[in-house]
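K.L.:
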Amino acid sequence: MKKTWLTAILAAGALTLAGCNSDNSSEGASGEEGGSFEPSKTIEVVAPAGAGGGWDTTAREVARIFGETGIIEENLTVINKEGGGGAIGWAYIHGQDGSAHNMFVASPPLMFVPLNGQSEHGHEDFTPLANVIADYGAFAVSADSEWDDLNDLFDQMKEDPESVTVVGTSAPGSMDHMQFVRIAKAAGVDPTKIKYVSAQDGGALTSVLNGSVDVFSTGVGETVEQVRAGNIKVLGITAEERMEGEVLSEFPTAIEQGIDESFVNWRGFFGPPNMDQAAVDYYEEKFKELSESEEFAEVRKKYGWSEMYMDGEEYEEFLDNEKQEIQALLEEIGLGN
Amino acid sequence: MDAFQGLLAGFQVALSWEGILFVLIGVVVGTLIGMMPGLGPISAIAIMIPITYGMDPAPALVMMAGVYYGAVFGGSTSSILLNAPGISGTVATAFDGYPMAQQGKAGKALAIAAIASFFGGTVSVIMLMLLAPALASVAISFGPPAYFALMLMGLTAISSLSEGSTIKAMISAVAGVMVVTIGIDPQTGTQRFTFGNVNLFDGFDFLVIALGLFALAEVCMLIMNRKNRNLSDDQKLGSLKVTKSDLKEMSGPMTRQSFVGFMLGVLPGAGATIASFISYIFEKKISKNPEEFGKGSIKGLAAPESSNNAATSGAFVPLLSLGIPGSGTTAVMLGAFLVLGVQPGPLLMSDRPEIFWGIIASMYLGNIFLLVLNLPLIPYLAKILSIPRPLLISLVIMFSLIGVYSISFNTFDLYMLLVFGALGFAMRVFSFPAPPFILAFILGGMMEQAFRQSMTISNGSLGIFVNSPLPLALIIVSLLSLTIPAFIKWRSRRLSLKR
């Protein structure tokens, strides 16, 4: 019995420690005088979500490649700050003002969640370091659907919008919903009449497979296996150009079907507010090196991601534009705040 | 490769020294973590993901699977001994397991739980092996209307979860439904009852409520009644022996509920928690002595225990054969697969048969290991009850806090645990039953989402619930389960009046 409790207490202690390894100090940031910056202690990379999801995977793979290639010699540890669709993690990073040893992984929810009034912090509150990956949205239907391309679907939606239901994993006003709205609107569908339901726990794919709903709005990567098995077909993807890779290269873009619109599920890294410029320069360079490395190319291939490097400045400009567009669209469909 | 050859290949993986070693590590880690109140398979698997980086995928996944079903196996221990559910799937285990332990039959209760878990686990692995590909179509047969009807069926059973006042049970259930609406509504993105507090955006985790209402409330009761009981050590442990008549008594529930649990496990979104509740209610409804349930009934313990373990294997059907994760835990498992470069889905069986069948084959082995490991541990585990009361109470509180903290590493959840502990204590004092609250919390959220998804799809027509056979059948069953007992009561009263 003693042993059992000992193990229990040890395991519990380890867990507690794992949860408390954050460190508020920002000391140790050398290079204050506009010189160069070198990290002087472990760099903490926050995934503002639980283990096993997209943010977590990106953060862990990036940290692993940095370590294995030696691009960054200091250790990187990934911690999960789950909750509020990211808001809890962002609030945490926001509190690390000026620290050069903290960063977090982000993607479009960093815009969608604040736009929907669910976070006080948006991308403009943080220091953009670099974007590294692009992923794209896909619109899939059951393999025996009568629609063969996006125009078939959108023609039906123009004629009888009530007859088509779109399903995604996230809530209305968030990524799965808005990527569909954006493309459909460009095709001439009335964006205020799009029927969208949200389904968790694998319910979205299930509902498309059993015919309860018509269209699955999701990430390209989620569709590949089901397409290979012949269960679903992808009517169109939101990328500008055809993607590379087996199966992926068969998916037609919306643009090549005459719909002049695209949507990027960008993924990159941000630091806390007021990060020193020398540190930003350092990380920009390191992320560029990572993005160009063979090792990271392997990672991209494994998950079906595309390369998309942007330095901090370019990134910020890109995000400002995206945010304006999305905000306008949200207001048009009555979800603006 | 046909299924038989595939299974042979699977056993080659599972029975290699590497396979055996990793199954063993997986189930030991899983069962230990599951035993601790509040620490469940999600945390265990999440911790393991970084460890398995760079490992060969087959043994790594066999180990992760072992952690998962091992945690469900071990989860019953703290439910039975301390009324502190180890994982959400073992809340129903406490209904009869804890009273048994209080009556000085802790050892026996643990043994029954272990046997029922083993039985449920093994039966469901056999079904998984024979039917996984065929069951893929069952897993996707439920659309939103059918889920709504299934949850409705579960809710109609609330009255049977209560002793005494039906009105109090209903109040408790309504409170449960109210609590589950807190958070961001997935269908509109609107915040409900969050008061703008970011910590409430995701609503409450099930474990915060279960540990509050059960473990902490029980701790308060123990402190209140500290002078009442004085069992000697021997009485506390009781005999380990499960007699032939016990086995006979539990054989019916075990067999039935292994099937029920497995099928509910196959449905994405249902899973071990709902399965264990439905199995418990099922057995109580068909029992000749329903009044024994909740007071240490062997059937009431065996039913949820075989069911939750069977559901765990069932959850591998949509995961392995469709790539659909049906729960938070299987979603983390899916992440683990992807990190190891394995894509679960319809093609896994043909692309990577050694992994598909290796996992299934390893589950036979894992279940045997679990039984062999757990049975000899029982006397030691049961001795936890002979720890002096003040120390025991402190340990329960400590583990509840750690368990809740490990869900999201957020101190806000700890305060909420205390709030629910206080609520649970008040409910006990004023004899409002906690199980209806918990059941309504689990089912209510899914029911609301399924209802509103259905309404959007049907453009607001209720006909969607009766126009297809599956939801219609489930709704008819729910109506019958409400009316038949009332009718029987009414008839027996008339008969007795005539006499």
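Residue numbers (my numbering), protein chains in the order written: chain A, 4 to 340; chain B, 313 to 811.
For every residue, glycine included, the Cβ atom is placed at its ideal position computed from N, Cα and C.
From a predicted model like this one, the values you see are computed outputs, not experimental measurements.
1) I'd like to confirm the pairing. Which residues does DSSP put opposite A/R270 in its beta bridges?
2) Below 8 Å between beta carbons: does that hold for B/G756 and B/A746?
3) Beta-carbon within less than 6 Å of A/P275's beta-carbon, same chain only, minus the 5 sequence neighbours each way: which residues are those?
4) Excluding sequence positions up to five away, which residues of its chain have a Cβ less than 6 Å from the Cβ of B/C532?
5) Give the C-beta separation of A/P108 and A/W58 to the nearest angstrom, bearing in mind that I take them to be a contact with Cβ-Cβ under 8 Å.
6) Is the CB of A/K289 under 8 Å away from at least one CB in chain B?
7) Give a yes or no on whether 8 Å exceeds the smallest Cβ distance from B/I754 to chain A.
8) For the alpha helix (DSSP H) that A/N324 lies in, which residues bound it at each end?
9) Starting from A/G222, trace the beta strand (DSSP E) both ways and give me its first and last residue.
10) Looking only at its own chain, which residues have a Cβ that is under 8 Å from the Cβ of B/L693, when we skip the five neighbours before and after it?
11) Would you report the Cα separation of A/L118 and A/G339, rounded to the nearest angstrom?
12) Along chain B, which residues have their Cβ under 7 Å away from the Cβ of A/K304?
13) Might you give, ordered along the chain, the residues of its own chain that have their beta carbon closer than 6 Å to the beta carbon of B/D663, omitting 5 neighbours on each side?
14) Residues of chain A with CB under 9 Å from B/R626, in chain order?
15) Between B/P658, B/G378, B/L704, which has its C-alpha nearest B/A448's C-alpha?
16) Pull up the CB-CB distance for A/A146 and A/G233, whole angstroms please, since I reckon it's below 8 Å.
17) What residues in the segment 181-211 of chain A have a beta carbon less than 7 Å from any beta carbon of chain B?
18) In chain B, which residues lie less than 7 Å from A/S85 when you measure between Cβ atoms?
19) So, does the CB of A/V108 fall closer than 8 Å to a CB anywhere in chain B?
20) Please state whether DSSP places A/Y312 in a helix, a strand or coil.
21) Taking the alpha carbon of B/P783 as the point to measure from, which residue in B/L519, B/L464, B/T364, B/A469 has its own alpha carbon closest?
22) Short check: CB of A/P164 to CB of A/D193, under 8 Å?
23) When you compare the CB of A/A94 with every CB in chain B, is at least one pair closer than 8 Å?
24) Using DSSP with H/G/I as helix, E/B as strand and the rest coil, what is B/K556?
25) Within this structure, are the beta carbons of B/I496 and A/Q229 separated by less than 8 Å?
26) Against chain A, does B/N823 count as a neighbour if the rule is that its beta carbon must be under 8 Å from one of theirs?
27) Under the assumption that B/S588 contacts B/S639 (Cβ atoms under 8 Å), give the Cβ distance between them as a whole number of angstroms.
28) Who pairs with A/M106 in a beta bridge, going by DSSP?
29) If we count the other Cβ atoms within 10 Å of its Cβ and call it buried at 16 or more, is B/A614 buried or exposed?
30) Using CA atoms only, rank isn't needed, just tell me which of A/E288, A/G307, A/E334, A/D284 is closest to A/G38.
31) Among residues of its own chain, excluding the 5 on either side of A/F321, which ones have a beta-carbon nearer than 7 Å to its beta-carbon?
32) Start and end of the alpha helix (DSSP H) containing B/I598?
33) Within 8 Å of any Cβ in chain A, is that where the Cβ of B/I452 sits?
34) Write down the C-beta distance between B/A451 and B/P630 rounded to the nearest angstrom, noting that I regard them as a contact closer than 8 Å.
35) Taking Cβ-Cβ distances below 9 Å as the criterion, which residues of the segment 633-649 of chain B are in contact with chain A?
36) For A/I262 versus A/A143, is the C-beta distance shorter than 8 Å?
P.N.:
On the basis of the data shown:
1) A/I136
2) no
3) I96, Q99, D100, S102, N105
4) F737
5) Note that residue 108 of chain A is Val in the sequence shown, not Pro. Contact flag correct, Cβ pair sits at about 5 Å.
6) It does not: the Cβ of A/K289 has no partner Cβ on chain B nearer than 8 Å.
7) no
8) 315-335
9) 218-222
10) M347, T389, L393, L422
11) 7 Å
12) Near A/K304 there are no residues of chain B at all, since even the closest Cβ is about 10 Å away, more than 7 Å.
13) none
14) In the sequence as presented, Arg is not what sits at residue 626 of chain B; that position holds Gly. By Cβ distance, chain A contributes nothing, its closest Cβ being about 14 Å from B/G626, past 9 Å.
15) B/P658
16) Indeed they touch by this definition, with Cβ atoms about 6 Å apart.
17) K198, V200, S201, A202, Q203, D204, G205, G206, L208, T209, S210
18) Here residue 85 of chain A is Glu; the residue named in the question, Ser, does not match the sequence. Under the 7 Å cutoff, chain B gives S720.
19) no
20) strand
21) B/L464
22) yes
23) yes
24) helix
25) no
26) The requested residue 823 of chain B is not part of the displayed model; chain B covers only 313 to 811.
27) Rounded, the Cβ-Cβ distance is 13 Å, inconsistent with contact.
28) A/V48
29) buried
30) A/D284
31) M313
32) 583-598
33) So, interface residue.
34) 4 Å
35) L634, G635, I636, P637, G638, S639, G640, T642, A643, V644, M645, L646, G647, A648
36) no
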